[in-house]
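Quick notes on the structure that follows.
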Amino acid sequence: MTSKHSPARRTLAVAAAGAAALVLAACGGGSDTSSGHGGHAAATPSTAASAAQGRHNAADVTFAKGMIPHHRQAVEMAELAATRAESPEVRKLAEDIRKAQGPEIRTLSGWLSSWGEDIPAEGGSDHAAHGAEGMMSARDMARLEKSSGKAFDTAFMELMIEHHEGAVAMAEAERAGGADAAAKQLAGDIITAQTGEISLMKKLLGRG
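Written out as structure tokens, the structure is:
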């Protein structure tokens, strides 16, 4: 008896399972747009992994590797203003630069690490790139370190304008050729912030 009715029971079980699957599919299809992001298919594991890693190219790497020493030097210049600047406006500007660019250095370094790239070493090697996109030479930095009062204010702004112009050029290159969305966003932020600071410094120097 058991062997005679077993196939029938198996057939009914399969049919019931199939019906349940259809009901669940009907309940979930079309009514819950959040799971499919407005009708788009959910990401496959491989797609999700690619999205998590992000897409970047050589321009993104060049931007990060160039901007890190560039920002380090700007922070070094800004730190001098705390004890050497006479103008409250210059001290405030220098502090704004330091507060903005320090975290950006950490962000850029994190990207390079996630991309499997080396982070530029700190130290004198930063000065070796002077002349590249507004980087100051060791002589420029020595001149700034020896200045104080109004002479420091003038030297700081003149050198920082050149420095900022270099950063803007680097950021524009990233915006034009980069692939990583976050890097391009940071480049846009740098352009906006430093263009505004260039205008302020020119105004303080009486050239705006």
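For the sequence shown, the residue numbers in mature numbering (1 follows the signal peptide of the UniProt record, and there is no 0) are -25 to -1, 1 to 183.
C-beta: ideal position from N, C-alpha, C; glycine also.
What you are looking at is a predicted structure, and each value in this text was computed from that prediction instead of being measured.
Is it buried or exposed, residue i, if we count other Cβ atoms within 10 angstroms and call 16 or more buried?
i, result
"Lys159", "buried"
"Ala24", "Its pLDDT being 33, under 50, Ala24 is placed unreliably by the model, and the measurement read from it follows with that caveat. The residue is exposed, with fewer than 16 neighbouring Cβ atoms inside 10 Å."
"Glu172", "buried"
"Pro95", "buried"
"Pro44", "buried"
"Ala130", "buried"
"Leu180", "exposed"
"Arg182", "exposed"
"Glu97", "exposed"
"Ala57", "exposed"
"Ser35", "Correcting the residue identity first, residue 35 is Asp in this sequence and not Ser. Buried, since its Cβ has 16 or more Cβ neighbours within 10 Å."
"Ala157", "exposed"
"Ala33", "exposed"
"Gly124", "exposed"
"Arg81", "exposed"
What are the residues that DSSP puts in a beta bridge with residue i?
i, result
"Ala60", "Gly124"
Helix, strand or coil for residue i, going by three-state DSSP, please let me know.
i, result
"Ala156", "helix"
"Leu55", "helix"
"Leu180", "coil"
"His31", "coil"
Practice task
Report the residue ranges of all beta strand (DSSP E) runs contained in full by the segment 71 to 137; include only those spanning at least 3 residues, in chain order.
Solution key: none
Exercise for the section: Determine contact between the segment 137 to 147 and the segment 77 to 89, defined as no fewer than three beta-carbon pairs at a distance below 8 Å. Expected result: no
Practice task
Determine contact between the segment 62 to 70 and the segment 148 to 156, defined as no fewer than three beta-carbon pairs at a distance below 8 Å.
Solution key: no
Problem - Meets three-Cβ-pair contact criterion under 8 Å: the segment 114 to 123 and the segment 33 to 47 - result: no
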